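Asks: Residue 16 in UniProt numbering sits at position 16 of the sequence shown, and the numbers go up by one each step. For glycine and all other residues, C-beta sits at the position ideal for the given N, C-alpha and C. Given the structure is predicted, the values throughout are model-derived calculations rather than measurements. The structure under discussion is supplied below as structure tokens; questions concerning it will follow.
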Amino acid sequence: MGKGDMKTKRGKTHRGTFGKSRPRKNQNIATKKEQSQATK
């Protein structure tokens with residue numbers, strides 16, 4: 001359950017990977033807002 005455990009959040013941050021326990025920031029929300037403003 002330490003930095004070597006890839007199924008925990010600490011292990012994901014240590015290696016710099018993403019998954020279920022460490023999802024990426026959702027960037028689609030910002031792009032949808034920009035698209036709706038551009039169409040108006």
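Using 8 angstroms for Cβ pairs, my map puts Lys12 next to Phe18. What's the rounded Cβ distance?
Replies: Sequence index remark: in the sequence shown, residue 12 carries index 12 (1-based). Sequence index remark: in the sequence shown, residue 18 carries index 18 (1-based). At roughly 7 angstroms, the Cβ-Cβ gap stays under 8 angstroms, so Lys12 and Phe18 are in contact.
Asks: Whole-angstrom Cβ separation of Lys7 and Ser21, contact assumed at under 8 angstroms?
Replies: Residue mapping note: residue 7 aligns to position 7 of the sequence shown, counting from 1. Residue mapping note: residue 21 aligns to position 21 of the sequence shown, counting from 1. Indeed they touch by this definition, with Cβ atoms about 7 angstroms apart.
Asks: In whole angstroms, what is the alpha-carbon distance linking Asp5 and Lys25?
Replies: On the sequence shown, position 5 is the one that residue 5 refers to. On the sequence shown, position 25 is the one that residue 25 refers to. Distance between the alpha carbons of Asp5 and Lys25 is about 22 angstroms.
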